[in-house]
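S.K.: Residue numbers (this note's numbering): 94 to 237. Don't be surprised by glycine CBs; every beta carbon is placed ideally from N, CA and C.
#1: Any chance the region 222-233 sits against the region 194-201, with 3 or more Cβ pairs inside 8 Å?
#2: Can you round the beta-carbon distance between residue 183 and residue 231 to whole angstroms, since I take them to be within the 8 Å contact cut?
#3: Note the first and the last residue of the continuous beta strand (DSSP E) segment covering residue 217.
#4: Sort 168, 157, 185 and 179 by Cα distance to residue 218 and report the nearest one.
#5: Is residue 168 buried or exposed, if buried means 16 or more other CB atoms sit within 10 Å of its CB?
#6: For residue 185, name the three-state secondary structure that DSSP assigns.
#7: For residue 220 versus residue 237, is the C-beta spacing smaller than 7 Å?
#8: The beta strand (DSSP E) spanning residue 233 covers which residue range?
#9: Using only CA atoms, which one of 209, 181 and 193 lies nearest to residue 216?
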């Protein structure tokens, strides 16, 4: 039995069109877009300039309000919040607590540090505070 050899035909080479990629740098994202040979220019909107010139600025509320801290924990049974202070706070001050679903104002009636009642608290301390309404983590506390 003789084996027959099959003739192998060479496949024709197909030219592929080469598409170039252009990297467009935006203020928020790095975008890669394909550019065909016909298109030479990519239409771009000018980047919006921030007033802080690229620096991160802490969010401030309008008016005379000054940010003094943020909520780190909430105890719903006793309606108490834990606040990490960025500015001093004392009994009798009026504060505003603002978040995605939270927005109310109240006067401070009592402060606690490690379950001990105090009259005032300094920067960097974590205080316990009775609140009138539910608050959530990362809500911001402003002094009015």
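M.R.: Answer, in terms of the structure:
#1: yes
#2: Between residue 231 and residue 183 the Cβ distance is about 24 Å, and since that is not below 8 Å, they are no contact.
#3: Per DSSP, residue 217 belongs to no beta strand (DSSP E) and is neither H nor E.
#4: 179
#5: exposed
#6: coil
#7: no
#8: 233-236
#9: 181
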